[in-house]
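Chemist:
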Amino acid sequence: MNDDKVRIMIVEDESIVALDLSMRLQKEGYEVVGIAASSDDAIALYTDQKPDLVLMDINIKGAKDGIETAAALKKIQEVPLIFLTAFSQNEYVNRAKAVNPSAYLVKPFNNDSLHTSIQIAIHNFAVPGKPTDPQPADNAKEEVSKEALLFFNNYFFVKHNYRFNKFSIDELLFAESDNNYVKLVTTNKKIALRVSLQYIADKFNHPALVRVHRGFIVNIKNIDSFNEEEIVIGPHQIPIGRNYKDDFLKSFRYL
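Per this note's numbering, the very first residue in the sequence shown carries number 998; after that it's consecutive.
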């Protein structure tokens, strides 16, 4: 498994449609963790694979349709959910709203609308209060552009080249303020965002991420050593600010 990829589960009872959707997703750079054709299969696959996002056909056959199945999945764990629907299925939309999906994808769709719907779903899920009604593709892309950094569960997503890329919190070593930017340093990448360090602290709000200096937030799970003046994470030496020392030491009690 590649942790950089968004892991998607498909619930679709038409095998040809499901296979086509799976191929489209993989072509767009997503990882498909599995395909379920019924409610029972969906619940089992969801529990086993713990996907980042679910694409759910509203009109699957069986004792439970897609809306009822989505409600069951949300009781297990909340993740972004996209309903696949058609213009002829408007009678389902009011029922679907009760499940609070993150986005809708109207059939037939192309790769651009598929990708845009996924970005909108991640955005709507990570930023509560955003609209979840179907959006035209152009409006959808504009909405996504307002947020460059999203966070949910134990992952964060950084927008780059019109795509949200997934990282685990465990991968993050530290965040460093650099003039008008913040550099997020992970185990294998450096990411520059035009935000403040306080924005990062507020956005993540994670117990392992601790501010140790006016210019640094560190992931204390990745600390190799420290003394009263500095922290060592791999080849990086990070100063400990006098005003942050007590909070840094107290943070170890909560892990």
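Every residue gets a Cβ at the ideal spot worked out from N, C-alpha and C, and that includes glycine. Keep in mind that this is a model prediction, so the values were computed, not measured.
1) Determine the closest residue to Met-1053 out of Asn-1177, Val-1103, Glu-1028, Gln-1023, with distance taken between C-alpha atoms.
2) Work out the CA separation of Ile-1217 and Ile-1237 for me, nearest whole Å.
3) At which residue ranges does the segment 1211-1238 contain complete beta strand (DSSP E) runs of 3 or more residues, listed in the order of the chain?
4) Could you pull out every residue in the same chain whose Cβ sits closer than 8 Å to the Cβ of Asp-1221, ignoring the five residues on either side in sequence?
5) Identify every run of the alpha helix (DSSP H) within the segment 1028-1101, keeping only runs that are complete inside it and at least 4 residues long; order them along the chain.
6) Whose CA, out of Leu-1206, Asn-1224, Asp-1199, lies closest to the CA of Ile-1166?
7) Assign Gly-1026 to one of two classes, buried (16 or more other C-beta atoms within 10 Å of its C-beta) or exposed (fewer than that).
8) Look at the alpha carbon of Glu-1009 and the alpha carbon of Leu-1078, and state the distance between them as a whole number of angstroms.
9) Classify Asn-1162 as helix, strand or coil using the three-state DSSP reduction.
10) Counting along the chain, where does the beta strand (DSSP E) carrying Lys-1180 start and finish?
11) Going by C-alpha to C-alpha distance, which of Leu-1170, Leu-1194, Arg-1160, Ile-1188 sits closest to Asn-1176?
12) Take Phe-1153 and list the residues in its own chain whose beta-carbon comes closer than 6 Å to its own, dropping the five residues that flank it on each side.
13) Output yes or no for whether 8 Å exceeds the beta carbon distance between Phe-1213 and Glu-1168.
14) Can you give me the C-alpha to C-alpha distance between Asp-1244 and Leu-1181, rounded to a whole angstrom?
15) Short of 6 Å in beta carbon distance, which residues of its chain neighbour Tyr-1196, apart from the five on each side in sequence? Order them along the chain.
16) Pull up the DSSP beta-bridge partners for Phe-1171, would you.
17) In the DSSP assignment, what residue or residues form a beta bridge with Ala-1189?
18) When you compare only the Cα positions, how much space is there between Gln-1074 and Ile-1005?
19) Across which residues does DSSP place Ile-1005 in a beta bridge pair?
20) Would you kindly check if the distance between the Cβ of Val-1003 and the Cβ of Asp-1049 is under 8 Å?
21) Between which two residues does the beta strand (DSSP E) containing Phe-1149 stretch?
22) Under three-state DSSP, which class holds Met-998?
Modeler: Reading it off the structure:
1) Among Asn-1177, Val-1103, Glu-1028, Gln-1023, the Cα nearest to that of Met-1053 is on Val-1103.
2) If you draw a straight line from the Cα of Ile-1237 to the Cα of Ile-1217, it comes to about 13 Å.
3) 1213-1216, 1227-1230, 1233-1236, all fully within the segment 1211-1238.
4) Within the same chain, Asp-1221 has close Cβ partners Val-1229, Ile-1230, Gly-1231.
5) Taking 4 residues as the shortest admissible run, the segment 1028-1101 contains the following complete alpha helix (DSSP H) segments, listed from N- to C-terminal end: 1036-1046, 1063-1073, 1087-1094.
6) Of Leu-1206, Asn-1224, Asp-1199, the residue nearest in Cα terms is Leu-1206.
7) When all chains shown are included, Gly-1026 counts as exposed.
8) Straight-line measurement puts the Cα of Leu-1078 at about 14 Å from the Cα of Glu-1009.
9) It is a strand residue.
10) First-last of the beta strand (DSSP E) with Lys-1180: 1178-1183.
11) Looking at the Cα atoms, Leu-1194 is the closest of the given residues.
12) These residues qualify, in order along the chain: Phe-1164.
13) The Cβ atoms of Phe-1213 and Glu-1168 do not sit closer than 8 Å to each other.
14) Computed Cα separation, rounded: 21 Å.
15) If we look at Tyr-1196 and ignore the five residues flanking it on each side, it has no Cβ neighbours.
16) The partner list for Phe-1171 (beta bridge, DSSP) reads Val-1182, Val-1215.
17) BP columns for Ala-1189 point to Lys-1180.
18) Approximately 14 Å, taken between the alpha carbons.
19) Answer is Val-1029, Leu-1050.
20) Their beta carbons are under 8 Å apart, which means Asp-1049 touches Val-1003 by this criterion.
21) 1146-1149 is the span of the beta strand (DSSP E), which, as asked, contains Phe-1149.
22) Confidence at Met-998 is low in this model, with a pLDDT of 39, below 50, so the placement of that residue should be treated as unreliable; the coordinate-derived value is given next. Here DSSP, grouped into helix, strand and coil, assigns Met-998 to coil.
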